[in-house]
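Just below is one structure, and these are the notes that go with it.
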Amino acid sequence: MSFTTTRQFPSARLRRMRRDNFSRRLMCENTLTPADLIWPVFVLEGQGQREAVPSMPGVERLSLDLLIEEAREAFELGIPALALFPVVGPDHKSEHAEEAYNASGLVQRSVRALKAAIPGLGIITDVALDPYTSHGQDGLLDENGYVQNDRTVETLLKQALSHAEAGADVVAPSDMMDGRIGAIRQVLEQEQLVNTRIMAYSAKYASRYYGPFRDAVGSSANLGRADKTTYQMDPANGDEALHEVALDLAEGADMVMIKPGMPYLDVVRRVKDELKVPTFAYQVSGEYAMHMAAFENGWLEADSVILESLMCFKRAGADGVLTYFAKRAARLLSH
Ligand code: PBG
142 MSFTTTRQFP
152 SARLRRMRRD
162 NFSRRLMCEN
172 TLTPADLIWP
182 VFVLEGQGQR
192 EAVPSMPGVE
202 RLSLDLLIEE
212 AREAFELGIP
222 ALALFPVVGP
232 DHKSEHAEEA
242 YNASGLVQRS
252 VRALKAAIPG
262 LGIITDVALD
272 PYTSHGQDGL
282 LDENGYVQND
292 RTVETLLKQA
302 LSHAEAGADV
312 VAPSDMMDGR
322 IGAIRQVLEQ
332 EQLVNTRIMA
342 YSAKYASRYY
352 GPFRDAVGSS
362 ANLGRADKTT
372 YQMDPANGDE
382 ALHEVALDLA
392 EGADMVMIKP
402 GMPYLDVVRR
412 VKDELKVPTF
422 AYQVSGEYAM
432 HMAAFENGWL
442 EADSVILESL
452 MCFKRAGADG
462 VLTYFAKRAA
472 RLLSH
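Each residue of the sequence shown is one higher than the one before, counting from 142 in this note's numbering.
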């Protein structure tokens with residue numbers, strides 16, 4: 142009995158194209174370059190200050206002088222932009238977050254200095270009150286402790302304007318108040334700051350993956366056991382993210398963001414497919430911490446896992462990724 146006459150051969154052999162490097166390269170669908178990366182950084186008051194963040198191994202809070210050096214390196218590695226987050230001491234936190242719009246506050250001074258030192262590096266500022274509130278919430282509270290929407294937006298307007306006036310290229314409202322994008326756009330137009338871009342944290346979930354970030358900026362102790370579920374989104378929801386994104390675009394956002402990143406790549410894909418606008422995702426502090434824990438234990442191989450995790454954002458449709466791995470990834474990509 143002959144096997145060859147009865148044998149069914151596969152009509153497609155997908156392994157044929159995977160056999161050699163040349164054909165693997167030809168059929169590669171997505172690319173990752175330093176131009177896809179945005180680097181989130183934490184800025185401190187003072188000079189020559191460098192503080193480790195224990196829950197984010199390898200991430201440091203830096204005073205402005207050291208940050209400028211690090212930012213220059215990032216720029217030279219081809220990273221287009223940096224997202225700035227302030228570490229604000231207790232003396233600058235208050236019930237109504239007045240420090241948020243101090244024209245000579247830490248963020249405003251940092252923006253001016255970074256733009257003067259490295260004009261080609263895009264500077265993105267976080268428009269939200271949580272670093273500045275004594276209670277750690279992103280907005281102003283009423284007598285029952287509820288975060289008030291419209292009063293918060295009034296303060297965000299002053300904050301966004303102070304960032305734009307300092308020279309921020311992009312303001313990034315991250316607090317999920319209703320109507321903030323439209324209100325900020327109106328004020329920027331009125332003040333003839335027509336080229337200030339708005340990156341809207343459109344679909345920001347009430348996520349427990351933000352814990353290490355709150356340690357880094359020192360808001361976790363103030364927030365205590367409270368959560369942000371009355372303004373950030375429920376992780377169970379996907380359609381609602383499309384609703385949020387559509388509203389922010391109608392109100393004048395130039396770019397939208399989904400956050401967290403890796404557990405939410407389905408949302409990234411849906412947003413990109415439906416709206417076809419510049420779409421970003423944030424690989425947040427908890428995602429960074431999980432990776433670092435595995436790397437430090439020798440459970441995962443760092444360099445290749447970092448690049449794989451970032452490539453997956455591109456495959457999901459993201460135009461770029463905010464990641465604490467930005468510099469390390471850019472270095473890996475440059476040789
Ligand atoms: C605050 C803000 C948060 C993050 C970015 N901006 C924390 C929060 O909403 O509590 C989280 C970033 C991260 O976890 O890496 N408006």
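Just so you know, even glycine gets a beta-carbon here, dropped at the ideal spot from N, CA and C.
- Within the same chain, 266 and 312 come within 6 Å of residue 304 by CB-CB distance, once the 5 residues on both sides are set aside.
- The count of Cβ pairs closer than 8 Å, one atom from the segment 269-280 and one from the segment 227-242, reaches three, so the stretches are in contact.
- Judged by DSSP secondary structure, residue 296 falls within the alpha helix (DSSP H) whose first and last residues are 290-307.
- Per DSSP, residue 352 is one residue of the alpha helix (DSSP H) stretching across 352-358.
- With a cutoff of 7 Å, residue 427 counts as near the ligand PBG, since its C-beta is closer than that to a heavy atom of the ligand.
- Looking from the CA of residue 399, the closest CA among 373, 392, 391 and 393 belongs to 373.
- Comparing alpha carbon positions, the residue from 367, 205 and 414 closest to residue 256 is 205.
- For residue 159, the CB contacts under 8 Å within the same chain, skipping 5 residues up- and downstream, are 165 in chain order.
- In the structure shown, the three-state DSSP call for residue 405 is helix.
- DSSP links residue 274 through a beta bridge to 235.
- Within the chosen limit of 7 Å, the ligand PBG reaches the beta carbon of residue 269 through at least one heavy atom.
- Checking the DSSP bridge columns, you'll see residue 182 partnered with 225.
- The ligand PBG approaches residue 315 closely enough that one of its heavy atoms is under 7 Å from the residue's Cβ.
- Here residue 251 is buried: its Cβ has 16 or more other Cβ atoms, across all protein chains shown, within 10 Å.
- By a beta-carbon distance limit of 8 Å, residue 179 does not contact residue 212. Their separation comes to about 12 Å.
- Distance from the C-beta of residue 234 to the nearest heavy atom of the ligand PBG is not below 7 Å.
- Comparing alpha-carbon positions, the option among 171, 183 and 161 lying closest to residue 353 turns out to be 183.
- Apart from the 5 residues on each side of it in sequence, residue 241 sits with its Cβ closer than 7 Å to the Cβ of 270, 273, 296 and 300 in its chain, given in chain order.
- Bounds of the beta strand (DSSP E) holding residue 343 are 338-345.
- In the structure shown, residue 386 falls within a helical segment according to DSSP collapsed to helix, strand and coil.
- Ranked by Cα distance from residue 317, the options 389, 366 and 361 are led by 389.
- By the Cβ rule, the segment 457-466 counts as touching the segment 409-427, because three or more pairs are nearer than 8 Å.
- Relative to the ligand PBG, the nearest heavy atom lies less than 7 Å away from the CB of residue 354.
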